[in-house]
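J.: Okay, handing you the structure first.
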Amino acid sequence: MKVLLLNPPRDNSISSEVPTSINAETNTIPPLGLMYLEAHLHKYGECETEIVDSLADNLHIQQLEKLLPDRRPDIVGITGHTYDLVDMLSVSKLIRRLLPQTKIWWGGPHVSDFPMQTLRYDCVDGCVPFEGEEPFTDVVRAHQASVRGGAIDPQDLAGNLKKISGIYFKDSEGQSVHTGARPPVADLDRLPFPRRTATNYKKYSYVLGSEAIATSLLTSRGCPYSCSFCNTPGRTTWRWRSAESVVAEMEECDKLGIHEIYVVDDTFNVRRDRVMAICEQIKKRGLKMNWNIRARANCITKETVKAMRQAGCNRVHIGVEAGTDEGMKALHKNLTTAKVKEAFDILQGEGMTTVCYFMIGCPHDKTVDDINQTVNFAIKLDPDYALFGILTPYPNTAVYREGVAKGLLDPQHWENFLINPTPEFKPQVWTEFFTAQQLSEMCDKAFKKFYIRPKQMFRKLLELKNFHDMARKLKAGWEIFKL
Ligand code: B12
Ligand code: SF4
Numbered sequence: 002m003k004v005l006l007l008n009p010p011r012d013n014s015i016s017s018e019v020p021t022s023i024n025a026e027t028n029t030i031p032p033l034g035l036m037y038l039e040a041h042l043h044k045y046g047e048c049e050t051e052i053v054d055s056l057a058d059n060l061h062i063q064q065l066e067k068l069l070p071d072r073r074p075d076i077v078g079i080t081g082h083t084y085d086l087v088d089m090l091s092v093s094k095l096i097r098r099l100l101p102q103t104k105i106w107w108g109g110p111h112v113s114d115f116p117m118q119t120l121r122y123d124c125v126d127g128c129v130p131f132e133g134e135e136p137f138t139d140v141v142r143a144h145q146a147s148v149r150g151g152a153i154d155p156q157d158l159a160g161n162l163k164k165i166s167g168i169y170f171k172d173s174e175g176q177s178v179h180t181g182a183r184p185p186v187a188d189l190d191r192l193p194f195p196r197r198t199a200t201n202y203k204k205y206s207y208v209l210g211s212e213a214i215a216t217s218l219l220t221s222r223g224c225p226y227s228c229s230f231c232n233t234p235g236r237t238t239w240r241w242r243s244a245e246s247v248v249a250e251m252e253e254c255d256k257l258g259i260h261e262i263y264v265v266d267d268t269f270n271v272r273r274d275r276v277m278a279i280c281e282q283i284k285k286r287g288l289k290m291n292w293n294i295r296a297r298a299n300c301i302t303k304e305t306v307k308a309m310r311q312a313g314c315n316r317v318h319i320g321v322e323a324g325t326d327e328g329m330k331a332l333h334k335n336l337t338t339a340k341v342k343e344a345f346d347i348l349q350g351e352g353m354t355t356v357c358y359f360m361i362g363c364p365h366d367k368t369v370d371d372i373n374q375t376v377n378f379a380i381k382l383d384p385d386y387a388l389f390g391i392l393t394p395y396p397n398t399a400v401y402r403e404g405v406a407k408g409l410l411d412p413q414h415w416e417n418f419l420i421n422p423t424p425e426f427k428p429q430v431w432t433e434f435f436t437a438q439q440l441s442e443m444c445d446k447a448f449k450k451f452y453i454r455p456k457q458m459f460r461k462l463l464e465l466k467n468f469h470d471m472a473r474k475l476k477a478g479w480e481i482f483k484l
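To convert, take the position in the sequence shown, counting from 1, and add 1; that gives my numbering.
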């Protein structure tokens with residue numbers, strides 16, 4: 002049996018309020034979710050596997066129309082955010098038309114939010130919300146076990162799928178079936194490392210990075226915090242890999258010639274002892290790796306930052322979101338401005354590059370002055386990079402529920418998009434105090450105010466590494482200037 006795992010093109014994503022050239026750099030991040038699935042299938046699935054990353058290989062629907070019949074997969078697994086729904090559907094319809102016998106399964110962040118709604122599409126046979134390695138391998142095995150006389154028997158397949166917990170599918174009568182919840186993987190160390198050689202791994206790189214080839218790596222899953230705008234909490238408990246396992250994977254990357262790693266954990270630095278153990282292992286094995294993390298400001302300490310710096314960590318991404326204590330409290334950030342400032346002083350003192358995320362248009366942003374406080378706090382922290390976005394209340398978040406209860410958000414809005422997805426769709430924003438247009442203009446102004454400062458511009462000039470780097474950064478800079 003042949004399983005093809007597809008990262009669809011992103012030609013019709015709905016807009017995400019971040020300048021396009023800044024977004025474009027993200028196209029070269031490896032599809033780690035698919036790589037984890039592939040490695041698990043490779044080890045336990047007894048099937049042929051292939052990853053097709055449309056983003057890395059610059060494939061669009063026209064190229065896929067030629068490529069897919071050539072491959073003739075029995076099962077295609079498709080990943081994506083809700084933002085990518087239009088493209089996820091276009092490729093699925095294409096596969097249905099070209100290869101009617103091929104089974105189409107979806108997974109990833111969109112499915113985790115809307116599993117039942119996913120089954121409404123004729124071009125989807127089933128989906129797996131949340132972590133996919135074990136349930137999807139079971140799904141593939143169920144297909145294998147249902148082959149009768151060279152073809153999959155629909156009734157046998159439905160019977161076999163019903164035995165797998167944690168999945169959604171359509172049975173032989175077309176009825177939607179949910180097989181109940183499945184606990185997440187308790188021991189992350191037992192998952193095989195993502196097989197980077199199953200991708201064109203040399204194609205991945207980051208605009209903020211210093212090495213030609215880069216990869217992403219996951220050391221923990223879930224998050225113990227509960228910010229009001231995020232739907233990660235409550236989904237799974239926070240679990241983490243052992244330092245030995247993490248650094249063994251880094252070592253594998255090193256052997257492939259990959260020396261730049263983006264650790265994509267929601268929050269890498271929750272536990273001090275774990276951070277120290279990982280740094281210790283890196284040192285012990287003599288690994289020379291540039292790596293960077295997504296971190297919580299309240300968990301930053303001088304000791305851990307020093308150790309991380311010595312172990313090769315050179316960039317820290319932090320979600321600060323608001324510029325006042327009241328704002329942070331309203332977002333359930335569990336942070337104060339003083340704590341954040343202290344964290345930045347430590348990070349900058351140790352020579353760490355800092356990337357900071359802020360939101361405007363939150364329920365506490367009642368006046369222009371409130372929004373200015375966020376921008377001014379960004380300038381006060383003086384990170385190397387700041388990204389400003391407009392709060393987008395996602396379903397299954399506290400802020401979304403609050404907006405619906407206040408009558409500000411229409412619960413049908415996302416539902417209408419799911420029924421009729423078009424790239425023109427605009428997610429609802431918090432319009433209690435400002436219109437969407439006003440928020441968009443203030444977001445543009447925030448970028449300008451932060452970046453068009455002599456200190457920032459001079460610093461960016463000093464950082465330029467070569468002509469290619471200069472061209473990429475100039476392009477991003479021009480986008481900001483145009484805002
Ligand atoms: C890297 C990243 C990106 C990259 C994606 C590039 C890439 N190739 O992965 C970029 C920068 C483009 C991105 C953009 C956005 N992102 Co993002 N991103 C991440 C991040 C940091 C890591 C993703 C990752 O590699 N995870 C590790 C892998 C192993 O997990 P996974 O991908 O979820 O895969 C597992 C399961 O989902 C499942 N699975 C995945 N695919 C499939 C397919 C099949 C067939 C099956 C069966 C299962 C399955 O199995 C996998 C293994 O267990 C996550 C945070 C996180 N820690 O996950 C946020 C995250 C996924 N992003 C998020 C958001 C909100 C966004 C944006 C909407 C932000 C914005 N406003 O612009 C945009 C969407 C833009 C767009 N057009 O899609 C949210 C998703 C929330 C949600 N439920 O929708 C997350 C969870 C961050 C957060 N805590 O809020 N993102
Ligand atoms: S925003 Fe980050 S820290 Fe807050 S709950 Fe989500 S993943 Fe955790």
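All C-beta atoms in this analysis are idealised placements derived from N, C-alpha and C, irrespective of residue type, glycine included.
In three-state DSSP terms, what is Cys300?
T.: Counted from its first residue, the sequence shown places residue 300 at position 299. Three-state result, Cys300: helix.
J.: Is Thr21 helix, strand or coil when you go by DSSP?
T.: Translated into the one-based positions of the sequence shown, residue 21 becomes position 20. Only weak support is given to the placement of Thr21: the predicted model assigns it a pLDDT of 49, under 50, and the value that follows is read from those uncertain coordinates. Here Thr21 sits in helix by DSSP.
J.: Is the CB-CB distance between Ile105 and Pro136 below 8 Å?
T.: On the sequence shown, position 104 is the one that residue 105 refers to. On the sequence shown, position 135 is the one that residue 136 refers to. No, Cβ-Cβ distance for Ile105 and Pro136 is not below 8 Å.
J.: For Asp255, which residues from the same chain have a beta carbon less than 7 Å from its beta carbon, with the 5 sequence-adjacent residues on both sides left out?
T.: Residue mapping note: residue 255 aligns to position 254 of the sequence shown, counting from 1. So the list reads Leu288 and Met290, once near-sequence residues are dropped.
J.: Hey, how far is the Cα of Ser22 from the Cα of Cys444?
T.: Indexing the sequence shown from 1 puts residue 22 at position 21. Indexing the sequence shown from 1 puts residue 444 at position 443. The pLDDT assigned to Ser22 is 45, lower than 50, so where the model puts this residue is not dependable; a value taken from the coordinates is nonetheless given after this. Near 16 Å, if we compare the C-alpha coordinates of Cys444 and Ser22.
J.: List the DSSP bridge partners of Gly127.
T.: Taking the first residue of the sequence shown as position 1, residue 127 is located at position 126. DSSP output for Gly127 lists Trp106 and Phe170 as bridge partner(s).
J.: On the three-pair Cβ rule with 8 Å, is the region 386 to 403 touching the region 353 to 364?
T.: yes
J.: Between Val317 and Thr355, how many whole angstroms is the CB-CB distance? I'm expecting something under 8 Å.
T.: Taking the first residue of the sequence shown as position 1, residue 317 is located at position 316. Taking the first residue of the sequence shown as position 1, residue 355 is located at position 354. Indeed they touch by this definition, with Cβ atoms about 6 Å apart.
J.: Straight-line CA distance for Met458 to Lys446?
T.: Residue numbering aside, residue 458 sits at position 457 when the sequence shown is read from its first letter. Residue numbering aside, residue 446 sits at position 445 when the sequence shown is read from its first letter. One C-alpha to the other measures close to 16 Å.
J.: Sorted by chain position, which residues of the same chain lie with C-beta nearer than 8 Å to Ser16's C-beta, five sequence neighbours on each side aside?
T.: The residue you call residue 16 lines up with position 15 of the sequence shown. Excluding positions up to five away in sequence, the list reads Lys427.
J.: What number of angstroms, rounded off, separates the C-alpha of Cys300 from the C-alpha of Ser177?
T.: As a first step, residue 300 is located in the sequence shown; it is residue number 299 there, counting from the start. As a first step, residue 177 is located in the sequence shown; it is residue number 176 there, counting from the start. Answer to the nearest angstrom: the Cα atoms are 44 Å apart.
J.: Ignore the nearest five residues each way along the sequence and tell me which others in Glu351's own chain have a CB closer than 7 Å to its CB.
T.: On the sequence shown, residue 351 is found 350 positions in, with the first residue counted as 1. Listed in chain order, the non-local C-beta contacts of Glu351 below 7 Å within the same chain comprise Val306, Lys307 and Arg310, local neighbours out to five positions each way being set aside.
J.: For a quick check, are the C-beta atoms of Val265 and Leu33 less than 8 Å apart?
T.: Locating residue 265 in the sequence shown gives position 264, where the first residue counts as 1. Locating residue 33 in the sequence shown gives position 32, where the first residue counts as 1. Yes, these two residues count as a Cβ contact at 8 Å.
J.: Going by DSSP, what residue range makes up the beta strand (DSSP E) through Arg316?
T.: As a working note, residue 316 is residue 315 in the sequence shown. Annotation: the continuous beta strand (DSSP E) that includes Arg316 extends over Cys314 to Glu322.
J.: Is it buried or exposed, Leu257, if we count other Cβ atoms within 10 angstroms and call 16 or more buried?
T.: The sequence position of residue 257 within the sequence shown is 256, counting from 1. Exposed, by the Cβ-count rule.
J.: Entirely within the region 335 to 417 and at least 4 residues each: give me those alpha helix (DSSP H) ranges in chain order.
T.: 338 to 350, 369 to 382 and 399 to 406
J.: Going by DSSP, which residues form a beta bridge with Thr80?
T.: Taking the sequence shown and counting its residues from 1, the one referred to as residue 80 is at position 79. Answer is Gly108.
J.: Name, in chain order, the residues that DSSP records as bridge partners for Leu7.
T.: Here residue 7 refers to the residue found at position 6 of the sequence shown. Leu7 pairs with Val53 and Ile79.
J.: From Lys203 to Ser221, what does the alpha carbon distance come to, in whole angstroms?
T.: Indexing the sequence shown from 1 puts residue 203 at position 202. Indexing the sequence shown from 1 puts residue 221 at position 220. So the alpha carbons of these two residues sit roughly 25 Å apart.
J.: For a test of the three-state rule: what should DSSP assign to Glu245, helix, strand or coil?
T.: Position 244 of the sequence shown holds residue 245. Of the three classes helix, strand and coil, the one that applies to Glu245 here is helix, per DSSP.
J.: Hey, Leu158 and Ala182: beta-carbon distance below 8 Å or not?
T.: By one-based count along the sequence shown, residue 158 stands at place 157. By one-based count along the sequence shown, residue 182 stands at place 181. Not in contact: Leu158 and Ala182 (Cβ atoms no closer than 8 Å).
J.: Counting only runs of 4+ residues fully inside the region 434 to 467, write out the alpha helix (DSSP H) ranges in chain order.
T.: 437 to 452 and 455 to 464
J.: Just mark Lys171 as buried or exposed, buried being the case when its beta carbon has 16 or more other beta carbons within 10 Å.
T.: For the purposes of this step, residue 171 is taken as the residue at position 170 of the sequence shown. When all chains shown are included, Lys171 counts as buried.
J.: Does the region 37 to 57 come close enough to the region 184 to 195 that 3 or more CB-CB pairs lie under 8 Å?
T.: Taking 8 Å as the limit for Cβ pairs, the verdict is that the region 37 to 57 does touch the region 184 to 195.
J.: Cutting at 6 Å between CB atoms, please list the residues of its own chain near Val341, excluding the five before and the five after it.
T.: Translated into the one-based positions of the sequence shown, residue 341 becomes position 340. So the list reads Ala298 and Val321, once near-sequence residues are dropped.
J.: Which of the three DSSP states, helix, strand or coil, is assigned to Ile15?
T.: To locate residue 15, count along the sequence shown from 1; it is residue 14. In this structure, Ile15 counts as coil in the three-state DSSP scheme.
J.: On a Cα-Cα basis, can you pick out the residue from Asp366, Glu343, Phe378 and Met353 that is closest to Leu332?
T.: By 1-based counting over the sequence shown, the position of residue 332 is 331. The shortest C-alpha separation from Leu332 is found at Asp366.
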